Amino acid sequence: MAENGQIRIALAGNPNCGKTTMFNNITGAKQHVGNYAGVTVEKKEGHTNFDGHELLFIDLPGTYSLTARSLDELVARNVIVNDNPDVIVNVLDA
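What the sequence shown shows, in full-length UniProt numbering, is residues 1 to 94, in sequence order.
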């Protein structure tokens with residue numbers, strides 16, 4: 001948890017599994033979504049409050065592995081490994 005009490009939540013998962021749709025629904029943002037991989041190529045941040053807590057959601061580009069093979073996968077890896085979010089939600093498409 002950040003010093004200001006903010007809880008940082010990263011949305012991670014494979015490309016095109018619904019991370020940005022979830023991000024938009026939770027934060028009220030209107031980030032572009034598409035039915036193809038590569039729509040999100042950089043991290044996006046959005047805020048919301050729940051039960052008196054400020055939540056910072058981080059929408060990450062899709063990745064299949066923490067072994068980055070592209071710049072957008074490197075962005076996701078760096079947030080997960082280096083930024084130490086409080087929660088990582090692995091979004092799945094069933």
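Backbone N, C-alpha and C fix where the C-beta goes; we use that ideal spot for every residue, glycine too. Please read these numbers as outputs of a predicted model, since none were measured by experiment.
Between the CA atoms of residue j and residue i - distance to the nearest angstrom
i: L56; j: I9; result: 6 Å
i: A12; j: L60; result: 6 Å
i: E42; j: I58; result: 10 Å
i: F50; j: G5; result: 12 Å
i: V81; j: S70; result: 16 Å
Pair within 7 Å by beta-carbon distance, residue i and residue j
i: G18; j: V91; result: yes
i: P15; j: G46; result: no
i: D83; j: I7; result: no
i: V33; j: T21; result: yes
Cβ neighbour criterion (16 or more within 10 Å) applied to residue i
i: F23; result: buried
i: T67; result: exposed
i: D72; result: buried
beta-carbon residue i near the ligand MN non-hydrogen atom, thresh 6 Å
i: R8; result: Ligands displayed in this structure: none; no statement on the ligand MN is therefore possible.
Counting only runs of 3+ residues fully inside the region 39-82, write out the beta strand (DSSP E) ranges in chain order. 44-50 and 53-59
Please determine if the region 16-30 and the region 71-83 are in contact, where contact requires at least 3 C-beta pairs separated by less than 8 Å. These segments do not touch.
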